[in-house]
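Under our numbering, read the sequence shown as residues 415 to 590, first letter to last.
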Amino acid sequence: MFDPFEPLRRFDRMFNEGSRGTAMPMDLYRSGDTFTVRMDLPGVDPESIDIDVDDRTLTVRADRHQDEHAEGATWVSRERMSGTYARQLTLGRGLALDKISAEYRDGVLTLQIPVAEEAKPRKISVSHSGTGSSPAVEGAGGASGGSSRAGGSSEGSGASSGASGQTVQGEMSSSS
């Protein structure tokens, strides 16, 4: 049967598939000394998930294949993504890259990225020597008494959100 709108539907499908082809929505937050990354990977075979860290670039790839339809059937709508998901994060200094853990459950990949011991805030004791009788002073951040953040940065909390990328203490950013 002739459908005069089929060419438009085909164009719409191509446009939509191209714009969301490798979408891997992600949440990123810091809790204590650990950054948590959650990526939506619905319908992915857990065996196909590949996570690599090269220098300071973390790459996640996974494959999702659609079920075949019955022989002779014609697709009416095909919106679920099929193919390879891919996402890269640039990790900042001060993260324990050798201690990253990953778990896949209910279509969500969760990565735990701990802050390295050497990047954690610490107090530095200031000794006092002289002729006066002033007590020793402890501090780690000047007059405020605060401590420096992981990676030696005094910037924000370490996480910002946005469509174009994320930042995690140091220089962790994202590109899809």
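C-beta: ideal position from N, C-alpha, C; glycine also.
- A contact is defined here as three or more CB-CB pairs under 8 Å, and the segment 459 to 473 fails this definition with respect to the segment 534 to 541.
- If the five residues before and after Asp-477 are omitted, its C-beta is found closer than 6 Å to the C-beta atoms of Ser-462, Thr-498, all from its own chain and listed in chain order.
- Look at Asp-481 here: in three-state DSSP terms it is coil, with no helix or strand label.
- Of the residues Arg-519, Leu-509, Gly-521, the one whose Cα lies closest to the Cα of Arg-444 is Leu-509.
- Where Val-522 is concerned, the enclosing beta strand (DSSP E) starts and stops at 522 to 528.
- DSSP lists no beta-bridge partner residue for Ala-510.
- Between Arg-475 and Ala-500, the gap from beta carbon to beta carbon is short of 8 Å.
- DSSP links Glu-517 through a beta bridge to Thr-524.
- The beta-carbon separation of Leu-523 and Met-453, rounded to 5 Å, stays under the 8 Å limit for a contact.
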